[in-house]
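Q:
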Amino acid sequence: MATITVPAHAKGDVLVDYEEKKFEDVKAAPGEKALVTFHTVAFEGSIGLVNLLQASRLIQKGFETSVLLYGPGVTLGVQRGFPKLGDEAFPGHLNFNNRIEKILNDGGKVYACRFALQALYGHGEGALIPGIIPVSPLDVLDIVLLHRRENAFILDTWTL
């Protein structure tokens with residue numbers, strides 16, 4: 256039988272070089288915009304949280320950043336909590352809410368499709384995290400086209 260002679264990893268060990276950066280730290284030019292779209296279900300995978308973190312990073316880099324929640328993406332923007340709204344039932348339960356609130360507090364804009372909110376998920380506008388702007392389903396394509404027209408960076412997120 257093989258014998259393990261390498262000591263086990265310990266708390267505080269470093270397993271990769273996390274300080275080396277290969278690429279330029281890109282910052283937005285004045286007036287540059289970014290749009291991050293979400294067509295994903297909350298808690299069904301990591302992409303919802305990962306790209307909300309990307310939206311925060313775009314804000315930190317100076318981009319005028321908007322987030323669009325449509326289709327199942329509106330589930331990222333509803334108020335949560337248990338047993339009461341705002342109560343964290345388990346660690347990480349309010350990750351989406353907390354990140355969206357940070358995006359809003361940092362100057363980002365968050366939009367949610369009214370059609371998906373009501374017709375698909377049975378929520379009203381009052382279910383949204385305060386500060387999220389409800390939009391017509393006809394605005395979903397137009398916000399993308401407007402950002403395209405302005406040569407904005409667009410990060411589309413889709414999950415099935």
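Just so you know, the sequence shown maps onto residues 256 to 415 in the working numbering. Idealized CB from N, CA, C, for every residue including glycine.
Is the beta carbon of L324 closer than 9 Å to that of V365?
A: Result yes, Cβ atoms of V365 and L324 sit closer than 9 Å.
Q: Can you tell me where the beta strand (DSSP E) holding K266 begins and where it ends?
A: Segment: none, K266 is in no beta strand (DSSP E) and carries neither H nor E.
Q: So is F430 buried or exposed if we call it buried at 16+ other beta carbons inside 10 Å?
A: Here the chain comprises residues numbered 256 to 415, so residue 430 is not present and cannot be evaluated.
Q: Measure how close the beta-carbons of L331 and G303 come, nearest whole angstrom, since I'm counting them as under 8 Å.
A: At roughly 5 Å, the Cβ-Cβ gap stays under 8 Å, so L331 and G303 are in contact.
Q: Taking Cβ to Cβ, would you say K288 is nearer than 9 Å to F318?
A: Yes, Cβ-Cβ distance for K288 and F318 is below 9 Å.
Q: Counting only the same chain and skipping the five closest in sequence on each side, list residues whose C-beta sits under 8 Å from that of A382.
A: Excluding residues within five positions, the ones whose Cβ falls inside 8 Å are V333, Q334 and L372.
Q: Can you give the Cα-Cα distance for L401 and T320, rounded to whole angstroms?
A: Cα-Cα distance, rounded: 13 Å.
Q: How is P327 classed by DSSP in three states: helix, strand or coil?
A: Of the three classes helix, strand and coil, the one that applies to P327 here is helix, per DSSP.
Q: Roughly how many angstroms lie between the CA atoms of G386 and A344, to the nearest whole one?
A: Rounded to the nearest angstrom, the two C-alpha atoms are 23 Å apart.
Q: Could you tell me which whole alpha helix (DSSP H) segments of length 4 or greater appear in the stretch 266–346?
A: Entirely contained in the stretch 266–346, the alpha helix (DSSP H) runs reaching 4 residues are, in chain order, 302–315.
Q: How many whole angstroms separate the CB atoms of L290 and I358, which I take to be in contact at a CB cut-off of 8 Å?
A: About 13 Å; that fails the 8 Å criterion.
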